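Take a look at the structure set out below.
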Amino acid sequence: MCGIVAYVGPREAYPVILKGLKRLEYRGYDSAGVALLNSGLRVFKKKGKVAELEEALMGKDLHASIGIGHTRWATHGEPNDRNAHPHTSASGKLAMIHNGIIENYSQLKQDLTKKGYKFQSDTDTEVLLNFIEDIQKNNNCPLEEALRIALKRVVGAYVIVLIDQDHPDTLIAARKGSPLVIGVGKGEHFLASDASPIIEYTKEVVYVNDYELAIIKPDELILKNLGNEKITPYITKLDLELAAIEKGGYDHFMLKEIFEQPSTIHDCLRGRLDVESGTITMKGIEEYAEQIMNAKRIVMVACGTSWHAGLVAEYIFEELCRLNVEVEYASEFRYRSPVINKGDVIFAISQSGETADTLVAIENAKRQGAIILGVVNVVGSSIARTSHGGAYTHAGPEIGVASTKAFTAQLAVLTMIALKIAKKKGTINEDRYRHLLTELHAIPEKAFKLLESTHHIKELAEKYKDARDFLYLGRGYNFPVALEGALKLKEISYIHAEGYPAAEMKHGPIALVDETLPVVFIATRDAYHEKIVSNM
Numbered sequence: 010m011c012g013i014v015a016y017v018g019p020r021e022a023y024p025v026i027l028k029g030l031k032r033l034e035y036r037g038y039d040s041a042g043v044a045l046l047n048s049g050l051r052v053f054k055k056k057g058k059v060a061e062l063e064e065a066l067m068g069k070d071l072h073a074s075i076g077i078g079h080t081r082w083a084t085h086g087e088p089n090d091r092n093a094h095p096h097t098s099a100s101g102k103l104a105m106i107h108n109g110i111i112e113n114y115s116q117l118k119q120d121l122t123k124k125g126y127k128f129q130s131d132t133d134t135e136v137l138l139n140f141i142e143d144i145q146k147n148n149n150c151p152l153e154e155a156l157r158i159a160l161k162r163v164v165g166a167y168v169i170v171l172i173d174q175d176h177p178d179t180l181i182a183a184r185k186g187s188p189l190v191i192g193v194g195k196g197e198h199f200l201a202s203d204a205s206p207i208i209e210y211t212k213e214v215v216y217v218n219d220y221e222l223a224i225i226k227p228d229e230l231i232l233k234n235l236g237n238e239k240i241t242p243y244i245t246k247l248d249l250e251l252a253a254i255e256k257g258g259y260d261h262f263m264l265k266e267i268f269e270q271p272s273t274i275h276d277c278l279r280g281r282l283d284v285e286s287g288t289i290t291m292k293g294i295e296e297y298a299e300q301i302m303n304a305k306r307i308v309m310v311a312c313g314t315s316w317h318a319g320l321v322a323e324y325i326f327e328e329l330c331r332l333n334v335e336v337e338y339a340s341e342f343r344y345r346s347p348v349i350n351k352g353d354v355i356f357a358i359s360q361s362g363e364t365a366d367t368l369v370a371i372e373n374a375k376r377q378g379a380i381i382l383g384v385v386n387v388v389g390s391s392i393a394r395t396s397h398g399g400a401y402t403h404a405g406p407e408i409g410v411a412s413t414k415a416f417t418a419q420l421a422v423l424t425m426i427a428l429k430i431a432k433k434k435g436t437i438n439e440d441r442y443r444h445l446l447t448e449l450h451a452i453p454e455k456a457f458k459l460l461e462s463t464h465h466i467k468e469l470a471e472k473y474k475d476a477r478d479f480l481y482l483g484r485g486y487n488f489p490v491a492l493e494g495a496l497k498l499k500e501i502s503y504i505h506a507e508g509y510p511a512a513e514m515k516h517g518p519i520a521l522v523d524e525t526l527p528v529v530f531i532a533t534r535d536a537y538h539e540k541i542v543s544n545m
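The sequence shown runs 10 to 545 under the numbering used here.
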């Protein structure tokens with residue numbers, strides 16, 4: 010998951026870009042680099058951390074008012090200095106950074122090699138850059154036009170940002186399938202993969218949509234589509250404070266976000282759930298309540314942790330609302346030919362609101378007449394804009410790569426939606442409805458008390474830190490939670506872990522259990538408690 014930062018304006022570009030790259034370190038990367046334009050194009054890049062790049066550039070002349078920066082996670086070519094971004098074109102006049110994968114880069118590279126082009130790296134990015142320059146040279150056209158022509162032949166996903174030595178006051182960017190945010194300042198513009206590098210300088214942003222090009226100067230922003238038609242930029246005001254993207258005294262962002270859960274769940278419920286009146290107010294859902302109630306099919310579409318939230322929601326909606334619910338991996342749903350009927354309701358669950366597979370999946374379903382409802386965290390994100398309605402989770406920025414607070418906020422939102430529909434549909438009696446509202450309202454305080462005492466968790470971690478495998482088991486609602494627990498351990502500890510329905514152990518997996526395997530049971534006091542105890 011690469012990171013992009015760019016700047017054009019009156020400030021020194023390098024400090025803005027460097028600080029922005031540090032704010033994007035949470036995305037994971039193996040190398041970093043910057044390109045600065047001032048009386049010539051200068052490119053600096055290095056395998057390793059942003060801090061190592063910063064140290065290598067100490068004492069160098071870095072003066073420039075325009076520049077681009079990148080953190081790379083290797084896809085084409087191993088992690089090393091020459092494969093790091095930015096890349097320069099054969100003429101040395103263009104520099105480019107790129108997020109995404111160009112699927113037909115091999116054919117493009119063959120075509121360019123036949124023309125005599127030589128490549129300094131193993132990346133698809135350098136191939137794309139020289140393809141753009143070749144078009145510019147052959148057609149004697151502006152860079153913007155060359156980029157537009159190139160992108161009509163490119164297969165894959167991308168965010169591209171270019172600088173041109175012949176136009177030292179202009180950034181050119183394009184997007185398909187990966188997020189790109191433009192910060193609008195006074196006589197200056199910022200670009201980034203998300204808002205975290207921008208918020209320090211401006212709260213006014215433009216989210217670039219798929220198949221859009223941006224031509225950006227200090228005091229001018231022009232958006233166009235691939236047909237060269239101008240698009241009016243829609244400026245969104247960020248509801249985000251700088252403190253929200255700082256560690257706040259914690260060792261790392263994930264720990265901070267774990268301990269933020271009481272407040273994020275509270276923020277998610279606030280203004281929506283009123284225990285006293287027994288009401289749930291969700292304007293983005295209310296408009297589509299009838300369609301949800303009468304839907305023959307509801308589909309939860311998501312990836313990763315959000316998919317696990319969808320699995321929990323399946324149990325909740327079926328039990329409370331008596332509705333037919335399916336849960337789909339967006340990456341599978343988009344590539345097969347799912348049967349979508351007019352009136353089907355699709356819930357798109359995503360923390361960022363930019364998950365590429367989820368976005369394409371709902372775009373396809375929308376074209377076939379489905380109602381799309383987003384459950385996303387980032388206001389104004391692509392999935393939020395594509396959806397007919399939905400609800401924000403209000404979890405605040407989640408910087409840690411492994412999701413924590415976004416997951417619990419998604420569960421809170423999906424539970425409120427289910428309760429609201431069940432009440433309206435009459436599939437839940439008043440006493441149980443009121444009881445569940447009260448219990449949901451109490452979760453932030455219960456989460457706070459749980460997080461007050463974590464010493465026993467540290468003891469367990471110390472005891473089992475050398476285990477090679479883990480097994481997580483649950484039943485009912487807790488089966489998806491077991492899957493999420495296993496995913497977290499894999500993501501953070503690099504220990505192999507699997508999640509299973511506890512009752513399925515006897516159908517094969519128990520053959521792998523021995524005295525060295527730690528088994529985690531999710532055993533809450535619910536309808537399955539006696540069964541899960543017997544599984545132990």
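We put the CB at the ideal spot given by N, CA and C, even for glycine.
Since we're looking at a predicted model, the values are computed, not measured.
Of all the CB atoms in chain C, is at least one closer than 8 angstroms to the CB of residue i?
i, result
"VAL170", "Protein chains in the displayed structure number just one, and chain C is not present."
List the endpoints of the continuous beta strand (DSSP E) containing residue i.
i, result
"ASP478", "478-483"
"LYS226", "221-226"
"TYR486", "Unbroken run through TYR486: none, as it is neither H nor E."
"ARG51", "50-56"
"ILE355", "354-359"
"GLU507", "505-510"
"PHE199", "198-201"
Residue i by DSSP, collapsed to three states: which one?
i, result
"THR84", "coil"
"ASP175", "coil"
"HIS94", "coil"
"SER340", "helix"
"ASN333", "coil"
"ILE366", "What sits at residue 366 in the sequence shown is Asp, not Ile. Three-state result, ASP366: helix."
"PHE416", "helix"
"ILE531", "coil"
"MET67", "coil"
"ARG20", "coil"
"ASP276", "helix"
"GLU548", "Residue 548 lies beyond the residue range present for the chain, which begins at 10 and ends at 545; the question has no answer from this structure."
"SER548", "Nothing in the structure corresponds to residue 548, since the chain is present only between 10 and 545."
"ARG32", "helix"
Does the Cβ of residue i have 16 or more other Cβ atoms within 10 Å, making it buried, or fewer, making it exposed?
i, result
"GLN419", "buried"
"LEU521", "exposed"
"PRO347", "buried"
"ALA147", "Checking the sequence, you will find Asn at residue 147 rather than Ala. Burial call: exposed."
"GLU461", "exposed"
"TYR16", "buried"
"ARG32", "buried"
"ASP353", "buried"
"GLU407", "buried"
"ILE466", "exposed"
If I measure Cβ to Cβ from residue i and keep anything under 8 angstroms in the same chain, skipping five residues before and after, which residues do I get?
i, result
"LYS540", "ARG484, ALA511 and ALA512"
"TYR365", "Looking at the sequence itself, residue 365 is Ala, so the reference to Tyr does not match. For ALA365, where only same-chain residues beyond five positions count, the Cβ hits under 8 angstroms are ALA166, GLY186 and SER187."
"ASN149", "none"
What does a CB cutoff of less than 7 angstroms around residue i pick up in its chain, not counting 5 residues either side in sequence?
i, result
"GLY293", "GLY398, GLY399 and ALA400"
"MET323", "A small correction: the amino acid at residue 323 is Glu; Met does not occupy that position in the sequence shown. The residues are MET309, VAL334 and VAL336."
"GLY29", "VAL14, GLY78, ALA201 and PRO206"
"LYS434", "MET302 and CYS330"
CB residue i to CB residue j, shorter than 8 angstroms?
i, j, result
"PHE488", "ALA506", "no"
"ILE531", "VAL490", "yes"
"ASP178", "PRO227", "yes"
"ASN153", "ILE181", "In the sequence under discussion, the amino acid at residue 153 is Glu, which differs from the Asn named in the question. Yes, the pair counts as a contact, with Cβ atoms nearer than the cut-off."
"THR395", "LEU423", "no"
"ALA83", "ASN92", "yes"
"ALA411", "ILE274", "no"
"THR241", "TYR216", "no"
"ALA318", "ALA311", "yes"
"GLY42", "PRO95", "yes"
Suppose the cutoff is 6 angstroms on Cβ atoms and the five residues either side in sequence are ignored; what does the same chain contact list for residue i look like?
i, result
"ASN113", "VAL164"
"LEU66", "PHE53"
"ASP173", "LEU103 and LEU152"
"PHE326", "LEU332, VAL334 and ALA427"
"PHE268", "LEU460"
"VAL528", "LEU480"
In the DSSP assignment, find the unbroken alpha helix (DSSP H) run with residue i in it and report its ends.
i, result
"ARG443", "439-461"
"THR134", "133-148"
"ALA73", "Note, ALA73: premise wrong, no alpha helix (DSSP H); not H, not E."
"TYR473", "464-473"
"THR122", "114-123"
"LYS292", "292-295"
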